[in-house]
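Comments concern the structure below.
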Amino acid sequence: MSDPVTARVAAIPRTIAFVGLMGCGKSHIGRRVAAQLGREFYDSDAEIERAAGRTVREIFAELGEPAFRDGERRVIARLIDGAPAVLATGGGAFVDPTTRATLLEKAVCVWLRADLDLLVYRTAGRTTRPLLLAGDPRQILGDLIEKRYPLYAEAPVVVDTRNEASEITTARVVGAIDAYWQTEVR
Ligand code: S3P
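So this is what it looks like as structure tokens:
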């Protein structure tokens, strides 16, 4: 038996899509939100990797970023037309105007906003993200904050993430979606 907030959010007839920069916790929190709501969880990067039979890093290296963005656009368009689920999008997905418009129209978009220190800390030591291998990760993430935060801000639900237990962030996210859906959408 779920609590009333969880029950209301589970009944929203839209996919919940997480957007935000690399390391903000889209997949980590998205998976937990999906479990709490009893929904399928999808990660757009994992879906692209499955379709391409290559890792994200290999796709960037062998096919180039534009090919990755094409795949990302197609994968998200397909997932968004399926049953309401929870979707963690890659950090650049919401930057693409077509994908952003699709997500804003058909999903409930949640921006997990994090500060630079947290993003640097959370992405450190990983070699799976090609954009962060091109130079100093702090510099690159700082530049991406400048470029992308005004776009992520178009998401109707914004939740600040910090170094706290995942259960707490998950509860704050579900609460913020509930508040948005009750007051903003009618
Ligand atoms: C990217 C973010 C990555 C992945 C790719 C490009 C970006 O996803 O899609 O490396 O442009 O910010 P995560 O945000 O899940 O790390």
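Under my numbering, residue 198 is the last one in the sequence shown; the count climbs by one each step, no gaps. Beta carbons: idealized from backbone N, C-alpha and C, even for Gly. Bear in mind the structure is a predicted one, so any value in this text is a computation, not a measurement.
- Within 7 Å of the C-beta of S39 there is at least one heavy atom belonging to the ligand S3P.
- Going by DSSP, I28 is part of the beta strand (DSSP E) stretching over 27 to 31.
- Annotation: A177 is outside any alpha helix (DSSP H) and is labelled neither H nor E by DSSP.
- Here the distance from the Cβ of G103 to the nearest heavy atom of the ligand S3P is below 7 Å.
- V98 is bridged by DSSP to I28, F53.
- Contact between the segment 27 to 41 and the segment 117 to 133 is present: three or more C-beta pairs spanning the two stretches fall below 8 Å.
- For R184, same chain residues with a beta-carbon under 7 Å away, outside a window of 5 residues either side, are V171 in chain order.
- Put simply, the segment 75 to 89 touches the segment 107 to 116. At least three CB pairs are less than 8 Å apart.
- DSSP places L124 in the uninterrupted beta strand (DSSP E) bounded by 119 to 125.
- Contact between T173 and A126 holds: their C-beta atoms lie close to 5 Å from each other, under 8 Å.
- Counting the other CB atoms within 10 Å of its CB gives Q48 a total of 16 or more, which places it among the buried residues.
- With a cut-off of 8 Å on Cβ pairs, the segment 65 to 78 is not in contact with the segment 147 to 155, counting fewer than three such pairs.
- For V122, the shortest C-beta to heavy atom distance toward the ligand S3P is 7 Å or greater.
- In this structure the segment 161 to 168 does not lie against the segment 140 to 149, because fewer than three pairs of beta carbons, one per stretch, are closer than 8 Å.
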